[in-house]
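Letter 184 of the sequence shown, counting from 1, is numbered 185 in this note's numbering, and no numbers are missing. Glycine residues also receive a C-beta, built at the ideal position from the N, C-alpha and C atoms. Here's the structure, in structure tokens; my notes come after.
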Amino acid sequence: MIRPLPPKPHSDDFRVETSTFQKMKEEIREFKRLGVRGFVFGILKEDEEEGGLIIDQERCKELLKIAREGHDGEKVRCTFHRAFDLIDRERMGEQLEVLINLPFTSLLTSGGSPTCTSTQGKAQIRKIVQQAGGRIEIIVGGGVRSRNLKELIDEIGAQWFHSSAVTGEGEEVDVEEVRRLREIMCMHGDGSVGKI
Numbered sequence: 002m003i004r005p006l007p008p009k010p011h012s013d014d015f016r017v018e019t020s021t022f023q024k025m026k027e028e029i030r031e032f033k034r035l036g037v038r039g040f041v042f043g044i045l046k047e048d049e050e051e052g053g054l055i056i057d058q059e060r061c062k063e064l065l066k067i068a069r070e071g072h073d074g075e076k077v078r079c080t081f082h083r084a085f086d087l088i089d090r091e092r093m094g095e096q097l098e099v100l101i102n103l104p105f106t107s108l109l110t111s112g113g114s115p116t117c118t119s120t121q122g123k124a125q126i127r128k129i130v131q132q133a134g135g136r137i138e139i140i141v142g143g144g145v146r147s148r149n150l151k152e153l154i155d156e157i158g159a160q161w162f163h164s165s166a167v168t169g170e171g172e173e174v175d176v177e178e179v180r181r182l183r184e185i186m187c188m189h190g191d192g193s194v195g196k197i
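Structure (structure tokens):
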């Protein structure tokens with residue numbers, strides 16, 4: 002994920018200063034030199050006319066161009082991360098269209114809720130998936146675990162899921178949790194285990 006943080010105290014609203022934006026561009030170029038073909042990033046800005054946060058189209062377009070330049074048609078995947086969840090729900094539909102038109106390959110979201118398992122989060126993700134209509138991959142994240150994955154597949158209609166697979170204290174990945182997630186995706190998803 003391309004997300005250098007400015008010196009503390011910093012804001013987690015994904016608005017970035019010029020120096021931070023320059024660092025993001027440098028990081029993408031460096032990762033490309035190392036052979037990376039997929040990036041996750043997102044930048045927001047204040048809407049000067051209506052207020053609230055919206056996607057910073059100009060800066061995102063510049064990062065997308067850097068990520069994709071020099072690949073002669075080779076697919077470089079670019080995902081807009083959960084910065085999207087800070088956008089007011091009423092504006093998520095219009096901002097989804099911005100992502101599609103830029104174009105991003107995928108969007109990681111919890112539906113604007115702290116977790117994708119909340120009633121509001123599930124309802125909003127369902128709307129996003131329906132509106133996207135396959136034009137952009139919707140990756141459901143923020144609380145996906147084996148205990149709720151089948152329910153999310155059934156209720157939301159998404160095909161892509163992101164999980165840290167952390168089940169205990171700390172940040173260590175639970176290998177058994179990964180196995181369980183994979184099994185559920187094979188049994189209840191579209192059969193593509195690469196979509197966990």
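Extent of the continuous beta strand (DSSP E) run through ILE44:
Element bounds for ILE44: n/a, residue is neither H nor E.
At which residues does the beta strand (DSSP E) containing ILE140 begin and terminate?
138-141
Which residue wins for smallest C-alpha separation from ILE146, given the options ALA133, GLY158, GLU178, LYS128?
Note that residue 146 corresponds to Arg in the displayed sequence, not to Ile. Closest by alpha carbon: GLU178.
Closest to VAL141 by C-alpha separation, out of GLN131, GLN132, GLU51, LYS123, would be which residue?
LYS123
Pull up the distance between the alpha-carbon of PHE85 and that of GLU98, whole angstroms please.
12 Å
From the DSSP output, read off the bridge partner residues of THR116.
Its beta-bridge partners do not exist; DSSP assigns none.
Under a three-way DSSP split, which group does ILE55 fall into?
strand
Quick one: what's got a C-beta closer than 8 Å to ILE137's C-beta in the same chain, skipping five residues either side?
LEU97, LEU100, ILE101, PRO104, PHE105, THR106, SER107, LEU108
Quick check on this structure: which residue in PHE42, GLY43, ASP57 has the alpha carbon closest to the alpha carbon of GLU49?
ASP57
For the stretch 62-131, list the beta strand (DSSP E) runs that are entirely contained and at least 3 residues long, ordered along the chain.
78-81, 107-110
Helix, strand or coil for PHE162? Go by DSSP, reduced to three states.
strand
Let's see if you can read the secondary structure: which residues bound the alpha helix (DSSP H) around THR19?
19-34
According to DSSP, what are the bridge partners of GLY39?
ARG78
Which residues bound the alpha helix (DSSP H) around ILE154?
147-157
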